[in-house]
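Input: a single structure, listed below in structure tokens.
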């Protein structure tokens, strides 16, 4: 659901198939009207840092458990948005600068990451897979779960429930309920792994 001040942008979003309303995303009544109680997350990327702070603050008050991503233009705004309740704060200018530097220094690495994360790529994808308590993959090691053999995926990292990230885990590394596996593989294999991670392999 897109909440946008500009009627013109709302119309463009609707024409592209999105649900959109012309309203102020920082208002609690607006957030309630568009269904924040049912939302899986919120992205605050409106016109200014100040507006984003208000939107994040309003959303956080209404949903203390909500995953909120916000855009920031300055370092000062980054800190304010975190204090307002943003789970993650993204600075396009900082990311752009890092991308330029990495492209100049490590072009092959950048090409690989673009290939792995592009939605247009049909042969390779990188995905985040959450392991539930019901899954037969829970409380088994990577090799015991047969992630490479059964699904043909590479485990790049494991984000633990406390948000700690383990990169390039060893085959005997344990997979636990609540872990998020960062994996690389074919899209169809990833879909099957995602299903088994949620319900258990059959």
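Residue numbers (my numbering): 14 to 215.
Yeah, the Cβ is synthetic: ideal placement off N, Cα and C, and Gly gets one too.
Based on the DSSP output, what are the partners of residue i in its beta bridges?
i	result
residue 48	According to DSSP, residue 48 bridges with nothing at all.
residue 142	194
residue 75	DSSP lists no partner for residue 75.
residue 117	Note: residue 117 sits in no beta bridge, so no partner.
residue 170	180, 195
residue 210	Answer by DSSP bridge pairing: none, since residue 210 is not bridged.
Short check: CB of residue i to CB of residue j, under 9 Å?
i	j	result
residue 155	residue 183	yes
residue 81	residue 96	no
residue 39	residue 67	yes
residue 73	residue 98	yes
residue 190	residue 151	yes
residue 178	residue 170	yes
Using three-state DSSP, classify residue i as helix, strand or coil.
i	result
residue 157	helix
residue 35	strand
residue 20	helix
residue 137	coil
residue 163	helix
residue 96	helix
residue 5	Residue numbering for the chain in the displayed model covers 14 to 215; residue 5 lies beyond these limits and cannot be assessed.
residue 223	Examination of residue 223 is not possible in this model, given that the chain is present from 14 through 215 alone.
residue 215	Reliability fails at residue 215, whose pLDDT of 47 lies under 50, so the model's placement of it is uncertain and no value is given.
On the criterion of 16 or more Cβ atoms from any shown chain inside 10 Å, does residue i qualify as buried, or is it exposed?
i	result
residue 32	exposed
residue 194	buried
residue 20	exposed
residue 42	exposed
residue 27	exposed
Contact check, residue i vs residue j under 8 Å by CB: the rounded distance?
i	j	result
residue 79	residue 54	7 Å
residue 197	residue 129	6 Å
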